[in-house]
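Enquirer: Would you mind keeping the following structure in view while I ask a few things?
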Amino acid sequence: MSVTKAPPPTRDTGEDPRPAPRAEAGRRLNSPLVLTLLMLLVVLCQGPIRGALGAPVMQSWMTVFVAVLVQALPFLVLGVLLSAAIAVFVPPSFFARALPKNPALAVPVAGVAGAVLPGCECASVPVAGALVRRGVTPAAALAFLLSAPAINPIVLTATAVAFPRDPEMVVARLVASLLVACAMGWLWLRLGRTDLLKPPARHAYEGQGRGAAFWGSVRHDVMHAGGFLVVGAMAAATLKSVVPQAWLRTAAENPVIAVLALAALAVVLSICSEADAFVAASLTQFSLTARLTFLVVGPMIDLKLFAMQTGTFGRAFALRFAPATLALAIVVSVLTGWVML
Amino acid sequence: MNRQAQSAVLFVLGAALLHAGLTDLYLRYVKAGLRPLVLAAGVVLIATALATAWYEWRHKDHGEGPGEGHGEGHVHREPRVSWLLVLPLFALILVAPPALGSYSAMRTGTALQQAYGYQKLPADGPLRLGLADYAGRAVYEHGRGLAGRQITITGFAALDRSGAPYLVRMALNCCAADAQPVKVGLTGQVPPVLKPDGWLQVTGTYTAKRTKDSVNGGPIPYLQVTRAEPVPTPHDPYDETWNN
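Protein chains in written order, with the numbering used here: chain C, 39 to 379; chain S, 499 to 742.
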């Protein structure tokens, strides 16, 4: 595969070079051709396709699917631009200076620093990926990944607006989210192995102008994270338009099941962290602690995030990191809720 | 997917976002406040597509080895999951699904919540209220200031399993994924045939009649209908008053 390219390939973490025989078979049908054919086919079959999608379930599914994407894409683009800027314009030495040398101290500092990234979880995954590639200790980058979507001012304000009668909810959310983020960072320091993380790609910006590197990074991240975002949006749409809502009512009656049910709901719904407070507020039949769990779990781990983490950090990592985060987030939320709410 | 195809997908995706943001299409999916962000994202995606195409072209032009799309040397393929980005394109451009309607409304419980306070109503004359506003006043203010007045509200029609008619407006905080219905039951001179999802402007009077939502037990007030006429779908189909 390495025969042809003169300049080193760009930082293409997920772009595994295809094994030669398979690649040769794929070559004949190159992707622009496939894309054009696909577009033509869909345009020609517009009528039947619309007919098939006319059922109310399908329409509602499509609306939620498109809505999640239209709502998340701007934030994804914001995160991608930021991560490209970090990757191209910020020298690695900056982070070495900004973060404490001791990784155990760097974790809480990075966790608190999450407060400055105004956006939702779609933005934090590419940024955390860029931090790891820039030599930030993974534990600190993970603490940032988990805390940023939950504790930034926009999200906390939305929480305050959604719970006008329970201002302690905002504090509880901040405390619980920071605790989980730091705990996960320290846990990674203790148990994490670098081989679980997808190896950061070679340093690939030499031989390219900064412009080329910047736009290359933006393109790569949008294609990559965007694809996984589509997976998450499909899951959220399925839950919203296919699963009966009456199930929720039964779940709310038992306190233990209520917490677990809302944690599970946060994972499958994959709502943007800027909006989840309003959804939590509307789940009035559930206890405040259960709703706090919803608010802590959602920004840290949901289907969309899991898919995006798989894309950025690799499957081996996501398969271990996600369940650990989920368990820890539930435990910490219940404890925080017990103490504060 | 090679770079040329990626460039094409990014371009069309950006164009679709711009199209949605420049028309009222985006209001079917997200809150009005997201418009600048949607437009900015569209511009960035198009810029990325153009930059990709430009560097690809220059790369080839300078003869630094064969470019992509020439058979050999596709080192830069994105994973297959990128192909999924084609789905929202078709959904947004070809289908442009409608705003959430009676199907979602009837399978979700009413989300009526008590507001901080209710603005004072004008002392007399007919009233034109938002559907959620009427429902809130009817339930939590026990119809104070509403009794005996002619009230007009707008929403779409929905029928529950037993065929009972409701007028519904979906309230939205961020995007359609978090949209929740506010329902008002219709009683009195309801049109004999109601088309679900059809938008209606209903005029009537306050009644103390109430019912409980069969999905979540939430309160549903009623309106004693005197007249109902079909109206076109409003500019913003969702109720966004909860954003403020």
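The beta-carbon is built from N, C-alpha and C at its ideal position, and this holds for glycine as well.
These numbers were taken from a predicted model, which means no experiment stands behind them.
What do you get for E601 (chain S), buried or exposed, if any count of 16 or more other CB atoms within 10 angstroms of its CB means buried?
Expert: Correcting the residue type first, residue 601 (chain S) is Tyr in the shown sequence and not Glu. Buried is the call here.
Enquirer: In whole angstroms, what is the alpha-carbon distance linking G565 (chain S) and G247 (chain C)?
Expert: Per-residue confidence for G565 (chain S) stands at a pLDDT of 39, beneath the threshold of 50, marking its modelled position as unreliable; no derived number is given.
Enquirer: Excluding the 5 residues flanking L525 (chain S) on each side, which residues of the same chain have their C-beta closer than 6 Å to its C-beta?
Expert: Taken in chain order, the residues that qualify are D734.
Enquirer: Considering just the uninterrupted stretch of the alpha helix (DSSP H) at F182 (chain C), what are its terminal residues?
Expert: It spans P176 to I189 - the alpha helix (DSSP H) in which F182 (chain C) sits, taken as one unbroken run.
Enquirer: Helix, strand or coil for D631 (chain S)? Go by DSSP, reduced to three states.
Expert: D631 (chain S): helix per DSSP, three-state reduction.
Enquirer: Run the CB neighbour count on S131 (chain C), radius 10 Å, all protein chains shown included, and call it buried at 16 or more, exposed below.
Expert: Looking at its Cβ environment, which holds fewer than 16 other Cβ atoms inside 10 Å, S131 (chain C) is exposed.
Enquirer: Is any beta-carbon of chain S found at less than 7 Å from that of S325 (chain C)?
Expert: Closer than 7 Å: no.
Enquirer: F654 (chain S) bridges to which residues according to DSSP?
Expert: BP columns for F654 (chain S) point to S:V666 and S:W697.
Enquirer: Based on Cα-Cα distance, which residue from C:N292, C:R257, C:L326 and C:H262 lies nearest to R578 (chain S)?
Expert: Answer by Cα proximity: C:H262.
Enquirer: Could you tell me the alpha carbon to alpha carbon distance between V369 (chain C) and V72 (chain C), rounded to whole angstroms?
Expert: One C-alpha to the other measures close to 48 Å.
Enquirer: From S:L511, S:A636, S:D676 and S:P732, pick the residue whose C-alpha is nearest to that of I544 (chain S); which is it?
Expert: The candidate whose alpha carbon is nearest that of I544 (chain S) is S:L511.
Enquirer: I'd like to know whether the C-beta of T175 (chain C) is nearer than 7 Å to at least one C-beta of chain S.
Expert: It does not: the Cβ of T175 (chain C) has no partner Cβ on chain S nearer than 7 Å.
Enquirer: Mind checking who D737 (chain S) pairs with in its DSSP beta bridge?
Expert: D737 (chain S) is bridged to S:A669.
Enquirer: Tell me whether the beta-carbon of G683 (chain S) lies closer than 7 Å to the beta-carbon of Y664 (chain S).
Expert: Yes, the pair counts as a contact, with Cβ atoms nearer than the cut-off.
Enquirer: Decide if Y466 (chain S) is buried, meaning its Cβ has at least 16 other Cβ atoms within 10 Å, or exposed.
Expert: As displayed, chain S neither begins before 499 nor continues past 742, which places residue 466 (chain S) out of reach and without an answer.
Enquirer: Inspect the beta-carbon positions of V306 (chain C) and L333 (chain C) and report whether they are closer than 7 Å.
Expert: For V306 (chain C) and L333 (chain C), no; Cβs fall outside 7 Å.
Enquirer: For R708 (chain S), which option in S:Y720, S:W697, S:G702 and S:G716 has the closest C-alpha, if you only look at C-alpha atoms?
Expert: Cα-wise, what sits closest to R708 (chain S) is S:Y720.
Enquirer: What is the DSSP secondary structure of L321 (chain C), counted as helix, strand or coil?
Expert: Coil at L321 (chain C), not helix or strand.
Enquirer: What three-state label does DSSP hand L619 (chain S) in the structure shown?
Expert: Three-state DSSP puts L619 (chain S) in coil, outside helix and strand.
Enquirer: For C160 (chain C), does the count of other Cβ atoms within 10 angstroms reach 16, so buried, or fall short, so exposed?
Expert: Buried, by the Cβ-count rule.
Enquirer: Just to confirm, are I758 (chain S) and K681 (chain S) a CB contact at a threshold of 7 Å?
Expert: Outside the shown range of chain S, which is 499 to 742, sits residue 758 (chain S), and nothing can be said about it.
Enquirer: Please classify L520 (chain S): is it buried, with 16 or more other beta-carbons within 10 angstroms of its beta-carbon, or exposed?
Expert: That one is exposed.
Enquirer: How big is the Cα-Cα spacing for A367 (chain C) and L111 (chain C)?
Expert: Each residue's Cα considered, the two are about 26 Å apart.
Enquirer: If you draw a straight line from the C-alpha of L619 (chain S) to the C-alpha of L644 (chain S), how long is it?
Expert: Each residue's alpha carbon lies about 9 Å from the other.
Enquirer: Would you verify that the beta carbon of E738 (chain S) is, or is not, closer than 7 Å to some beta carbon of chain C?
Expert: By this cut-off, E738 (chain S) is not an interface position.
Enquirer: Taking the continuous beta strand (DSSP E) assigned at G681 (chain S), which residues delimit it?
Expert: Before going on, a small fix: residue 681 (chain S) reads as Lys here, not Gly. It spans Q678 to G686 - the beta strand (DSSP E) in which K681 (chain S) sits, taken as one unbroken run.
Enquirer: Do S580 (chain S) and G265 (chain C) come within 7 Å of each other at the CB atom, strictly closer than that value?
Expert: Yes, the pair counts as a contact, with Cβ atoms nearer than the cut-off.
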